[in-house]
Amino acid sequence: MTLSYGDVTTNRHENGVGFLVYNSLIPWVKQFKAINDRIYYIRINMNHRDLIMICAYALTESGNEEVKDDFYEELEQVYDAMSGHCIKLLLGDMNAQVGK
C-alpha cells in the first residue's frame, strides 16, 4: 500500500488528511494533491472519466469563525474547479452535529 498525505515539513501533529492506496491501483492514479493541511485530493483514471476523491477535515464548532469560513470557501473552490466530466466524491470528517 502507498500512503500519500499533506505537507509534513511543518513537523506539527495537527489536522492532516491523505489517502492509503493499494499499490495495484497506483498506475491509474493521475494526481495526488494537498491543497492545505485540511484538504487533499486524488484523481484516478477510470476509463472514460476520472474519479476525484476530495478528503477534508473541517474545524469543530468551537473553531475560529473566520478560519472556518475560509476552510469552506476553499473547499467549495476546489470542488467547483474539478471538471464536470468527472465523478466527484467528498469524503472526510466534517465535525457535524445532528440538529445544529
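Take any residue in the sequence shown, note its place counting from 1, add 251, and you have its number in my numbering.
Heads up, the beta-carbon is just placed ideally off N, CA and C, and yes, glycines get one too.
Practice prompt. Please look up how many angstroms separate the CB atoms of alanine 307 and leucine 341, rounded, as I've assumed it's under 8 Å.
Written response: That pair is a contact at about 7 Å.
Worksheet item: Where does the unbroken beta strand (DSSP E) through leucine 341 begin, and where does it stop?
Response: Where leucine 341 is concerned, the enclosing beta strand (DSSP E) stretches over 337-344.
Fill in: valine 272 vs glycine 343 beta-carbon contact at 8 Å
In this structure, valine 272 lies away from glycine 343, with their beta-carbon atoms at least 8 Å apart.
Discussion item. Residues in the same chain with beta-carbon distance under 8 Å from lysine 281, minus the five sequence neighbours each way, listed in chain order, please.
Written reply: Within the same chain, lysine 281 has close Cβ partners Arg294, Ile295, Asn296 and Asp301.
Worksheet item: Does any CB atom of chain B fall closer than 8 Å to the CB of leucine 254?
Response: Protein chain content of the structure displayed is limited to a single chain, and chain B is not contained in it.
Worksheet item: Cα separation between asparagine 315 and tyrosine 330?
Response: Rounded to the nearest angstrom, the two C-alpha atoms are 23 Å apart.
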